[in-house]
Structures are given as C-alpha cells and as structure tokens.
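Presented below is the structure to which this report refers.
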Amino acid sequence: MKCVASILGITEVVTSPTFILEKVYIIPRGSILGERFTKLIHIDAYRLEGGKEMRALDWDALLLDEHNLIFIEWPEQVKEAMPKDIINLSFEYAGEGVRQITGDLI
C-alpha cells in the first residue's frame, strides 16, 4: 500500500489500518489519478466476519462516491459485500522492498 500511496503523490506516512479498519488519504490534485480520484480508502477486513460488518464503515456511501479509490486487504472476509465490477490485485513478497503485483477484473 505504501508504494501505491507514493505513486499517487500521498506524502503522509501510510500504515496498516488493522485495528481501526479504515484509513483515508487525500490524493493530491495534479498527481497521477489526482484528477479522477480525491481519496484513497484503505480497508483491512481481516477482523470482519462478513459483508454486513462493512456497514460500520458506511460501505454503501464509499462505493457511491466515484472519487474514492478503494483498496481492501482480506476481501475474502467480506466477499458478499463486494461489487461485481472490481479489480482484484495481489501483492506478493518478492524480496526486500520488492512486491510482485498481479491482477484480474472480476
């Protein structure tokens, strides 16, 4: 996630939202994707037990805002809440400071 935030021009320290579930970062205008998206939403669903628990994050409103770029760790925990038109990305450790990213449109 740190790499994604850096590419988007986000300069604040990026940490995992494990215990707070969600972190929101402002995407600067003029940065890559900064004209299309205004917020990077980072959700860690590891501790959630189903899609209904996404309501605590006001999930429907997050999805309706077309300016949100949403990344979810552990999406399989809340798969019934996922929209049909998502891109599934996998980040795999490939060495110190290196991740291999693969993806598919679901």
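The opening residue of the sequence shown carries number -4 in the numbering used here; numbering runs sequentially from there.
Cβ atoms here follow ideal geometry from the backbone N, Cα and C, with glycine treated the same way.
Quick caveat: nothing in here was measured; it's all calculated off a predicted structure.
| Check | Outcome |
| --- | --- |
| Assuming Ile96 contacts Leu84 (C-beta within less than 8 Å), just tell me the rounded distance between them. | 6 Å |
| Run the CB neighbour count on Val73, radius 10 Å, all protein chains shown included, and call it buried at 16 or more, exposed below. | buried |
| For Pro78, which residues of its own chain have a beta-carbon under 7 Å away from its beta-carbon, when the five flanking residues on both sides are left out? | Leu58 |
| In chain order, what are the residue ranges of uninterrupted alpha helix (DSSP H) at least 4 long that sit wholly in the segment 40 to 79? | 54 to 59 |
| Which value, in whole angstroms, describes the spacing of the CA atoms of Ile15 and Val8? | 16 Å |
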